[in-house]
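The working numbering numbers the first residue of the sequence shown as 4 and each following residue consecutively.
Cβ atoms here follow ideal geometry from the backbone N, Cα and C, with glycine treated the same way.
A quick write-up on the structure given underneath.
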Amino acid sequence: MASCETCGNSYDKAFQVVMNGKSHTFDSFECAIFALAPTCKQCGTRIVGHGLEKAGTFYCCDHCAQNDGVTGLRDRL
């Protein structure tokens, strides 16, 4: 059984996610999100969907970006 790198749980249904060429092992999507999802600079929420990015800074939505003084963002098409 593999062990989750976030919580340490040994689980027979653990899975791996490869990100930037590095393999990570998790026992749940919750642990994977906690470890790998970017965080909104403005509100701190984990960005599970597309989110927005400007100059390497991530935001969960346009509202948070505007509250941080960032304009001109839109979802990728």
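Collapsed DSSP secondary structure at residue i in the structure displayed
i: residue 66; result: helix
i: residue 38; result: helix
i: residue 33; result: helix
i: residue 4; result: coil
i: residue 45; result: coil
i: residue 76; result: coil
i: residue 57; result: strand
Local Cβ density within 10 Å of residue i, reported as buried at 16 or more and exposed below that
i: residue 19; result: exposed
i: residue 30; result: buried
i: residue 46; result: exposed
i: residue 58; result: exposed
Distance cut-off 6 Å: residue i Cβ against heavy atoms of the ligand NAD
i: residue 20; result: What this structure holds is no ligand at all, so the ligand NAD is not there to describe.
Contacts around residue i, its chain only, beta-carbon distance under 6 Å, and the 5 residues preceding and following it disregarded
i: residue 63; result: 43, 48, 50 and 54
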